[in-house]
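So the structure is just underneath, and the comments pick up after that.
Chains as they are written, first to last, in the working numbering: chain A, 525 to 704; chain B, 525 to 1089.
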């Protein structure tokens, strides 16, 4: 007669809910490629069959901000484009992350010019910067891996904000009372 | 020359002796006639050139600012007569506040070009239907390419421009429900635009009744940057014009500067440029077809095309160190030399490219969905295409057999065998077919160029133009001084101006450069092939289905970097 296996011998492991959620989040990033220029074409190579970003679980490219949690700003952001980028970022559900791909997005690059935004950090908060003009696909991969490390630790600004909001709800106070 | 005398004589006969104040022949181009004319005569001369002299193409309009002259502004027009290969440049000096007659009644291409000249330089065109900003944002104050506008002075834009169409007259017979119009805003961040275009459309059902195309979301000030950098420092900026085929822009710009200086690059460098140009043409067309097929729902083709791009990227990387934006040419030659190993690899890549092109052909050309989506959509009549200033594959799809590589051969294109594909339907399918055939022809060209490439130097031997080899700089005082002087002072072409053109992947890529004898260009104007093509977009999509507009945008192959510069 077969008896039940004692619970200690079952192939199980215990974890925190928080760690589990972070683990799922980091392995299922849904990027929104905000490709404006040359880096956008290089991002296509990142998604393409040779490099293939699905190795990192981030291949479900979504062009709708409502369905994405990773904004990849690939290319120069001009003054004309800046309000559009801001609006797209605000439309994304939380928690959300931003990768600034290439020097133009990160600092304006060699376009020190009257119509080019000198770095997108003045418009949206950035979690990872990728240098290069355009960056190689390997560099983009590295940024995604770094971001995944941050997400699994739960210490990105967006995650902290979400946790803070949750805490505020639980203690039925408003956001200001919970402290920083 | 005789042609020019005749032309000038006839213009003077009809408009009086004072109509033309100066006549010259273009630098490096005996078929180019440069005329300085009065501003009130511009439209009459344009009408004469188009009507009686068969100058059917208005290639470019731009402005130049001369703050030290009495007449501070100058409008510059470029006309082209395809049959006789003649070009005319009209220069119209005028004072601040004066306006020039608009050419919009004569050429449709003038519309956007004049808007750009107004936006960048503050030129006023009398009679233009909608003289508004086109590249800079709508809250921008001043004119950015004026010499007194600082290159680093940013102006923040807080909200995108709001569009509206003038209300339609009420018709009581119409059923309100069935005729209700819907307003749709597509872009500037939309997957189908694969770039940064905004289309504001008024729909009735699925049909576009009125449309407005807005550009400028990637205006990153190429021309201002070119004025604030030395001639050789501009080359990396040209990469980022049409970033799908960067070496072609490098070659186009360097060729313009070389013509301005009056040098001919060595034969080996010419062949290397031909090989790189044709490889770029192939990968440009691959992206065009790949992304259009994604928009049509055929994702497989996209993967096929991008896999081949990777192969070509590896070739570029071996030659110059960067995958995509190569900066491979130098004024006076090219940067990297190709060896037997590279040639062997290149031949292998061409073989796989041919296989892929055949595969894509089998996937798409007889595919029923593809045919339904592409045939008959995006139609532009031949007359309209010429009037809008189409060049390249879109013009050849409209039945005009024009390719600068054949018409006015540069480098050794006249010694290489290739055919120019021409289709007459002028719809998206014809454009697709032209591109497919051009890729095959480019494969042929690369193979021939690799077989024929001569030995020899890859740069001219002139210490005022080309940097000495690094080994010599470290060991030889002469070379060190040459290096130092060239880096500090830059290449200094003689005073003058030039309009140089090459056949890029999308059509005629022109560079109009004004030199004042210093190391910095006084003015660089790019004639991007997409700009006139995209200016016809509003008219092309009006009356068609909204889904067809996506296919048309894909097959126009509009590249934002080149369109907005």
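Positions of the beta carbon are idealized from the N, C-alpha and C atoms, including for glycine.
Check                                                                                                                                                                                 : Outcome
For residue 971(B), which residues in the same chain have their Cβ closer than 8 angstroms to its Cβ, ignoring the five residues on either side in sequence?                          : 871, 874
Taking the alpha-carbon positions, what's the residue 609(B) to residue 693(B) distance?                                                                                              : 48 angstroms
Near residue 816(B), which residues of its chain fall below 7 angstroms by C-beta distance, leaving aside the five closest residues on each side in sequence?                         : 1075, 1078, 1079
Using a Cβ-Cβ cut-off of less than 8 angstroms, list which residues of the region 553–569 of chain A approach chain B; keep chain order.                                              : 558, 559, 560, 561, 562, 564, 565, 566, 568, 569
Let's see if you can read the secondary structure: which residues bound the beta strand (DSSP E) around residue 617(B)?                                                               : 610–618
Could you check whether residue 632(B) and residue 1044(B) sit closer than 8 angstroms to each other, using their CB atoms as the reference points?                                   : no
Classify residue 848(B) as helix, strand or coil using the three-state DSSP reduction.                                                                                                : coil
Do residue 777(B) and residue 1035(B) count as a contact pair if the criterion is CB distance below 8 angstroms?                                                                      : yes
Ignore the nearest five residues each way along the sequence and tell me which others in residue 615(A)'s own chain have a CB closer than 8 angstroms to its CB.                      : 589, 590
Strictly under 8 angstroms for the Cβ-Cβ distance: is residue 636(B) near chain A by that measure?                                                                                    : no
Of the choices 1068(B), 1088(B), 888(B), 1086(B), whose alpha-carbon is the least far from that of residue 728(B)?                                                                    : 1068(B)
Do you know how far the Cα of residue 850(B) is from the Cα of residue 1107(B)?                                                                                                       : This structure gives no information on residue 1107(B), because the portion of chain B shown stretches from 525 to 1089.
Provide the residue span of the beta strand (DSSP E) that contains residue 621(A), from first to last.                                                                                : 621–625
At 8 angstroms on the CB atoms, spell out the chain B contacts of residue 608(A), in chain order.                                                                                     : 684, 712, 713, 741
Would you report the Cα separation of residue 832(B) and residue 985(B), rounded to the nearest angstrom?                                                                             : 37 angstroms
Would you say residue 732(B) and residue 800(B) are within 8 angstroms of each other, going by their C-beta atoms?                                                                    : no
Report buried or exposed for residue 726(B), applying the criterion of at least 16 other Cβ atoms within 10 angstroms of its Cβ.                                                      : buried
Please list, in chain order, the chain A residues whose beta carbon lies closer than 8 angstroms to that of residue 680(B).                                                           : 603, 606
Kindly indicate which residue of 899(B), 979(B), 581(B) has the alpha-carbon position closest to the one of residue 955(B).                                                           : 899(B)
Can you pull out the residues from the region 572–599 of chain A whose beta carbon lies closer than 7 angstroms to at least one beta carbon of chain B?                               : 572, 573, 574, 587
Going straight from the alpha carbon of residue 975(B) to that of residue 987(B), what length do you get?                                                                             : 31 angstroms
Could you run through the region 608–628 of chain A and flag, in chain order, every residue whose CB is less than 7 angstroms away from some CB of chain B?                           : 608, 612
If we ignore side chains and look at the alpha-carbon of each, how far apart do residue 691(A) and residue 682(A) end up?                                                             : 14 angstroms
Grab me the residues of residue 601(B)'s own chain with a C-beta within less than 6 angstroms of its C-beta, minus the 5 sequence neighbours each way, in chain order.                : 585, 614
Anyone know if the C-beta pair for residue 622(A) and residue 650(A) falls short of 8 angstroms?                                                                                      : yes
Which residues in the same chain as residue 914(B) place their Cβ atom closer than 6 angstroms to its Cβ, once the five residues preceding and following it in sequence are excluded? : 1057
Using a Cβ-Cβ distance cut-off of 8 angstroms, determine whether residue 767(B) contacts chain A.                                                                                     : yes
Could you tell me which whole alpha helix (DSSP H) segments of length 4 or greater appear in the region 616–680 of chain A?                                                           : 627–631, 661–677
Of the residues 620(B), 934(B), 1082(B), which one's Cα is nearest the Cα of residue 593(B)?                                                                                          : 620(B)
Any residues in the region 866–883 of chain B with a beta carbon nearer than 9 angstroms to a beta carbon of chain A? Which ones, in chain order?                                     : none
Quick one, are the C-beta atoms of residue 748(B) and residue 641(B) less than 8 angstroms apart?                                                                                     : no
Would you decide whether residue 927(B) is buried or exposed? Buried here means 16 or more other CB atoms lie within 10 Å of its CB.                                                  : buried
Anything in chain B within Cβ reach of residue 658(A), meaning under 9 angstroms, just list it in chain order.                                                                        : 767, 846, 847, 848, 849
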